[in-house]
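Numbering (the UniProt record's numbering), first residue to last: 1 to 547.
Each residue gets a CB set at the ideal place from its N, CA and C atoms; glycine is no exception.
Below is one structure, written out as structure tokens; comments come after it.
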Ligand code: GLC
């Protein structure tokens with residue numbers, strides 16, 4: 001074990017941290033151009049401090065032509081003018097630091113933008129020193145090297161006539177994949193990361209990191225044979241030189257793989273985002289747009305399996321939302337009559353588990369999905385590509401829109417709802433994407449005043465995590481695994497036991513656990529009045545007892 005790993009182990013600050021995710025385009029605009037920016041974020045740091053979060057992960061703000069909202073980077077070492085300048089970024093890091101908040105940058109290392117200097121060079125000729133920074137195959141126009149598909153539609157191969165070659169892209173054609181087999185690419189990346197670490201960054205989220213070790217000739221996209229070799233080198237050359245939080249996005253992670261990523265020796269990352277619990281409501285082997293009913297018992301079992309598998313062998317991230325996922329209250333909760341109750345219930349169930357919780361902007365208000373009537377109001381490349389592909393393939397418009405209402409990434413990307421003012425106080429200009437019309441009821445200003453709001457509930461949960469070590473260390477045990485309504489589990493450490501007990505449905509149900517736990521103290525509860533032996537719609541309670 002290197003000295004740096006040993007040092008990291010002593011300071012695992014991120015185990016009791018709560019992280020907040022900002023999607024910068026939609027958080028706060030300061031200059032009236034309709035797009036959120038760094039000065040806007042700085043102006044809201046006091047809000048984040050009041051909420052109580054320890055770190056903020058910000059989706060990419062590097063220079064980018066914005067084909068995929070910044071996940072197509074054209075310069076890793078500069079800030080896109082749309083968001084501000086490098087000195088704004090330095091100020092953000094400093095101002096956050098003053099409030100005890102660390103900044104987590106989003107690193108997109110699988111691909112760059114096709115406008116990145118490396119790619120522009122790479123296209124100039126096969127003997128250009130940057131050519132081998134990307135993944136090329138010789139070929140003939142119209143005859144693809146193989147039938148691999150890109151995530152955002154179409155072939156994963158794009159023809160460059162001047163070279164007589166195809167390049168590989170797992171996402172849009174404007175996002176060419178980097179060639180991690182090339183040690184020069186890896187060195188460039190490490191130097192860039194060290195440069196950000198020198199500027200005081202507190203951690204990194206690693207975009208689609210399980211796809212870097214691709215082997216397109218064998219049809220391999222994620223979990224390639226060299227993946228963990230690359231990650232250990234990356235971690236050793238960079239992250240282990242600091243006291244950082246690192247979280248890899250890994251759609252292809254199983255519990256076994258996640259143990260490698262988040263091994264307690266710190267050799268790879270702090271943790272990963274895995275998505276098993278997020279993919280349960282889609283049809284097997286189909287696309288996310290092909291909706292399936294919500295399997296509640298499977299959800300519990302899936303989360304429990306991750307809790308058990310990683311206990312003392314790794315570390316979980318805990319999340320319901322991010323910038324790619326629909327709003328949780330519209331998905332597993334109820335965004336009508338029980339919006340407030342169900343938003344709180346989902347929060348308590350998540351924050352009660354072992355791992356580091358992530359709150360996506362607006363989740364702490366119980367923000368909901370949006371239903372724009374027309375595709376022209378949608379901005380996301382994945383959504384619009386799918387719409388036109390499916391309409392062309394003969395799907396009915398109403399069905400396509402139903403999938404969009406349930407799953408479009410734009411559900412998460414409508415502007416943050418700050419107040420009742422026009423455009424929810426997000427911008428004085430025209431927002432790049434329309435605000436959700438429900439902002440008059442759901443907004444920060446109202447919820448800060450209301451002691452029973454979703455926002456105040458999140459603040460309490462964050463506070464409890466800091467007060468009760470059992471939130472961080474306690475062993476998880478799922479109770480009533482087959483129950484169709486109740487999600488209940490305990491967390492146990494040497495002197496405390498905690499029960500999290502939630503009703504995931506609109507029905508009132510009797511709950512045997514509540515009598516057994518009758519004498520325990522209530523840590524948090526989403527209904528006023530005394531706890532009975534029944535759970536009301538979406539009721540949740542966390543109880544604590546000394547052992
Ligand atoms: C990740 C990001 C997503 C992006 C994709 C390609 O999944 O979260 O927003 O489109 O990677 O970079």
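Going by beta carbon distance, what residues of the same chain come within less than 6 Å of residue i, once the five residues before and after it are set aside?
| i | result |
| --- | --- |
| residue 256 | none |
| residue 14 | 245, 270, 356 |
| residue 371 | 405 |
| residue 523 | 464, 542, 544 |
| residue 318 | 350, 353, 355, 357 |
| residue 141 | 159 |
| residue 67 | 172, 174 |
| residue 557 | Only positions 1 to 547 of the chain appear in the structure, and residue 557 is not among them; the question remains open. |
| residue 34 | 427, 429, 430, 431, 432 |
Please indicate yes or no: does the CB of residue i lie closer than 7 Å to some heavy atom of the ligand GLC?
| i | result |
| --- | --- |
| residue 171 | yes |
| residue 228 | no |
| residue 116 | no |
| residue 108 | yes |
| residue 208 | yes |
| residue 324 | yes |
| residue 249 | yes |
| residue 410 | no |
| residue 71 | yes |
| residue 68 | yes |
Take residue i and list the residues in its own chain whose beta-carbon comes closer than 7 Å to its own, dropping the five residues that flank it on each side.
| i | result |
| --- | --- |
| residue 302 | 276, 277, 280 |
| residue 263 | 314 |
| residue 16 | 465, 466, 472 |
| residue 221 | 170, 211, 214 |
| residue 194 | 238 |
| residue 296 | 484, 504 |
| residue 60 | 70, 71, 73, 106, 108 |
| residue 425 | 418, 419 |
Per DSSP, which residues does residue i bridge with? Please list them.
| i | result |
| --- | --- |
| residue 172 | Partner(s): none; residue 172 has no beta bridge. |
| residue 273 | 249 |
| residue 158 | 167 |
| residue 57 | 21, 104 |
| residue 79 | 62 |
| residue 521 | 544 |
| residue 149 | 155 |
| residue 189 | For residue 189, which the question treats as bridged, DSSP gives no partner whatsoever. |
| residue 357 | 318 |
| residue 534 | 510 |
| residue 177 | 111 |
Relative to the C-alpha of residue i, which candidate in the options has its C-alpha closest?
| i | options | result |
| --- | --- | --- |
| residue 397 | 411, 373, 379, 544 | 373 |
| residue 467 | 47, 544, 203, 41 | 544 |
| residue 42 | 84, 34, 17 | 84 |
| residue 119 | 464, 72, 155, 99 | 72 |
| residue 414 | 449, 376, 454, 362 | 362 |
| residue 240 | 137, 448, 323, 266 | 266 |
| residue 382 | 364, 403, 446, 394 | 403 |
| residue 254 | 417, 268, 309, 243 | 309 |
| residue 534 | 547, 509, 153, 540 | 509 |
| residue 454 | 342, 419, 360, 489 | 342 |
| residue 37 | 431, 513, 329, 129 | 431 |
| residue 217 | 378, 138, 419 | 138 |
| residue 487 | 500, 446, 135 | 500 |
| residue 252 | 525, 345, 209 | 209 |
| residue 440 | 407, 21, 365 | 365 |
| residue 550 | 375, 258, 274 | The chain is shown from 1 up to 547; residue 550 falls before or after that span and cannot be answered. |
Could you pull out every residue in the same chain whose Cβ sits closer than 8 Å to the Cβ of residue i, ignoring the five residues on either side in sequence?
| i | result |
| --- | --- |
| residue 230 | 180, 186, 212, 213 |
| residue 190 | 234, 237, 238 |
| residue 528 | 452 |
| residue 338 | 506, 537, 538 |
| residue 476 | 304, 307, 308, 311, 353, 354, 489, 490, 491 |
| residue 336 | none |
| residue 226 | 180, 181, 213 |
For the ligand NAP, I want to know if residue i counts as a neighbour, meaning its beta carbon is within less than 7 Å of at least one of the ligand's heavy atoms.
| i | result |
| --- | --- |
| residue 370 | Among the ligands in the structure shown, the ligand NAP does not appear; only the ligand GLC can be found there. |
Determine, using beta carbons only, whether residue i comes closer than 8 Å to chain C.
| i | result |
| --- | --- |
| residue 476 | Note that chain C does not occur in the displayed structure, where there is just one protein chain. |
Legend entry - Start-end ranges of the beta strand (DSSP E) lying completely within the segment 193-265, minimum 3 residues: Those beta strand (DSSP E) runs which fall completely within the segment 193-265 and span 3+ residues are 203-206, 245-249.
Legend entry - Segments assigned beta strand (DSSP E), at least 3 residues, entirely inside the segment 435-514: Fully enclosed beta strand (DSSP E) runs of 3 or longer: 475-479, 486-492, 496-503.
Inset, instruction - Within the segment 88-144, note down every full beta strand (DSSP E) run reaching 3 residues or more, in order along the chain. - result: Correct list: 102-107, 136-138.
Legend entry - Completely contained alpha helix (DSSP H) runs for the segment 15-43, where each covers 4 or more residues: Counting whole runs of 4 or more residues, the segment 15-43 contains the alpha helix (DSSP H) stretches 38-43.
Inset, instruction - May I have a chain-ordered list of the beta strand (DSSP E) segments no shorter than 3 residues that lie completely inside the segment 271-344? - result: Fully enclosed beta strand (DSSP E) runs of 3 or longer: 271-273.
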